[in-house]
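Per this note's numbering: the sequence shown = residues 1 to 360. Virtual Cβ for every residue (Gly too), placed ideally from N, Cα, C. Values in this document were obtained by computation on a predicted structure and should not be read as measured data.
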Amino acid sequence: MVKAAIIGYGGIGKWHHQGIREAVPGLEVIGAYDVREEALAESKANGLKAYGSAQELFDDPAVQLVIITTPNDSHKEYIIRGLKAGKHVLCEKPVVLSSADLREAIEVSKDAPGVFTIHQNRRWDKDFQIVKSLIHDGKIGKPYFIESRVHGSSVFLHGWRGHKINGGGMLYDWGVHLIDQALQLLPEKVTSVTAQLFSVHAQEVDDNFKLLLGFESGVSVLIEVATNCFIPAPRWHVSGEVGTVVIQDWRCDGRIVKLAEDQEFTWEPDIIYTPAGPTRTMAPRPPETMVEYPLPELKDAHGNVYHQWSSVDIFYHNLLDAIAGKAELYVKPEEALRVMDIIELAFQSSREGRGLACSI
Ligand SMILES: NC(=O)c1ccc[n+]([C@@H]2O[C@H](COP(=O)([O-])OP(=O)(O)OC[C@H]3O[C@@H](n4cnc5c(N)ncnc54)[C@H](O)[C@@H]3O)[C@@H](O)[C@H]2O)c1
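Structure below.
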């Protein structure tokens, strides 16, 4: 049984605690530290040892794994202290706020006995797993344009998420997940980054952004995050050479439409007289040339239907195997470094109002 302690017993800290209890029998959370008295009291009420300081937690020999779930600006210090204290370290995303900081943490981890990983849990979201499987199976042919969006309308960036000093803003918050997913989908180099960040209602940070990533083989990924969008576009829209996939939302409503097996791409379309004028190019495709499929029903690592704690189960079991020296980490810090390099270019691209070539 590996024993863990949580630093930052807030929203996601409590979620980790509950998820581990529900889905990870080989791991036990024994304590927590938080700067807020109420959070410490809550951790105690939930059966944990409440540490009086982070140092007390790092000094406790019973703690083997430190789970860092504090606001983004405090991650770097806790990662380095945890690794130097000989602990395994799992840090929430974004792991730190710059590539330079992550390089520093990676250097420290090379001399440390513990495993160091990052909670890029959205690699195991059901919608993402469906897109990944469809692309890898070639269901719609070679993809050439992938749109990945999270559109909300709450407008409000709660607490530290609205503050620059804490590493707030949507590029760090959701961008880091969606960029990580894009890099997992396409195992090739990113060759261009073009971004536009908006602060529609937030005072200090971006609350909406649009980011276009160009990849080596010519595929592009458009990533959009909005907190001010009253009519959301689909979560995924994937254009492949012989078909299209749409996933509307996290409930995974959606469909695949592709060219029917025995059909040619082209037919001789009639001119269609639309309210906007005549068109042949945009004439509707004859229904018999297409076939529609439902989205596949994916199973998790144990062959079960995806459930609330699937990602916790998959992520933590891999982490425990890596700690035991039985497996490679699923989320390697070097992968987060690519994401961080792209985020830095996205900030620069938006500031300078131009796309940037790169090789990441
Ligand atoms: N992977 C995911 O799906 C996911 C989801 C939500 C949040 N997160 C990440 O988790 C982290 C926390 O987010 P949250 O939504 O839980 O925030 P939160 O504000 O709900 O909780 C943060 C907690 O940390 C405590 N805290 C603040 N500064 C501290 C410090 N220096 N030392 C110790 N405790 C401190 C706060 O008192 C609070 O209890 C962020 O990095 C965020 O990006 C990840």
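Could you check what DSSP says for residue i in three-state terms: helix, strand or coil?
i: Val24; result: coil
i: Thr227; result: coil
i: Pro294; result: strand
i: Ala149; result: Inspection of the sequence shows that residue 149 is occupied by Arg rather than by Ala. Arg149 falls in the strand class under three-state DSSP.
i: Val312; result: helix
i: Ile271; result: coil
i: Phe215; result: strand
i: Tyr78; result: helix
i: Leu185; result: helix
i: Phe209; result: strand
i: Ser154; result: coil
i: Leu320; result: helix
i: Ser53; result: coil
i: Pro333; result: helix
i: Lys3; result: strand
With distances taken Cα to Cα, identify the nearest neighbour of residue i among the options.
i: Arg103; options: Ile343, Tyr330 and Ala336; result: Ala336
i: Ile130; options: Gln181, Leu83 and Gly175; result: Gln181
i: Gly243; options: Val221, Ile140 and Met282; result: Ile140
i: Pro296; options: Asp34, Ile135, Arg285 and Ser43; result: Ile135
i: Asp206; options: Gly214, Phe215 and Ala195; result: Ala195
i: Gly86; options: Pro113, Ile79 and Ile106; result: Pro113
i: Ser310; options: Ser74, Gln18, Leu329 and Met1; result: Gln18
i: Leu186; options: Phe198, Ser154, Val238 and Ile106; result: Val238
i: Val219; options: Glu42, Lys258, Arg21 and Pro143; result: Pro143
i: Leu361; options: Phe347, Ser99, Leu356 and Asp111; result: Residue coverage of the chain in this structure runs from 1 to 360, which leaves residue 361 outside it and unanswerable.
i: Ala81; options: Ser43, Gln203 and Val108; result: One detail in the question is off: residue 81 reads as Arg in this sequence, not Ala. Selected option, being the one with the closest Cα: Val108.
i: Asn121; options: Val200, Asp60 and His317; result: His317
i: Ala327; options: Arg338, Glu334 and Phe315; result: Phe315
Could you tell me whether the Cβ atoms of residue i and residue j are closer together than 9 Å?
i: Asp127; j: Cys229; result: no
i: Trp15; j: Arg149; result: no
i: Gly11; j: Asn72; result: no
i: Ile343; j: Ile118; result: no
i: Gly8; j: Glu77; result: no
i: Val29; j: His88; result: no
i: Glu224; j: His177; result: no
i: Ile6; j: Gly26; result: no
i: Leu213; j: Leu171; result: no
i: Val312; j: Val24; result: yes
i: Ser98; j: Leu298; result: no
I'd like the span of the alpha helix (DSSP H) that includes residue i, first residue to last.
i: Leu171; result: Taken as a continuous stretch (DSSP letters only), Leu171 belongs to no alpha helix (DSSP H), as it is neither H nor E.
i: Arg255; result: Unbroken run through Arg255 is the beta strand (DSSP E), Gly254 to Leu259; no alpha helix (DSSP H).
i: Ala40; result: Going by the sequence as given, residue 40 is Leu instead of Ala. Element bounds for Leu40: Glu37 to Ala45.
Let's see if you can read the secondary structure: which residues bound the beta strand (DSSP E) around residue i?
i: Phe198; result: Val190 to Phe198
i: Pro278; result: Gly277 to Thr279
i: Val246; result: Gly243 to Ile247
Any beta-carbon of chain C closer than 9 Å to the one on residue i?
i: His158; result: This model lacks chain C altogether, as it is built from one protein chain only.
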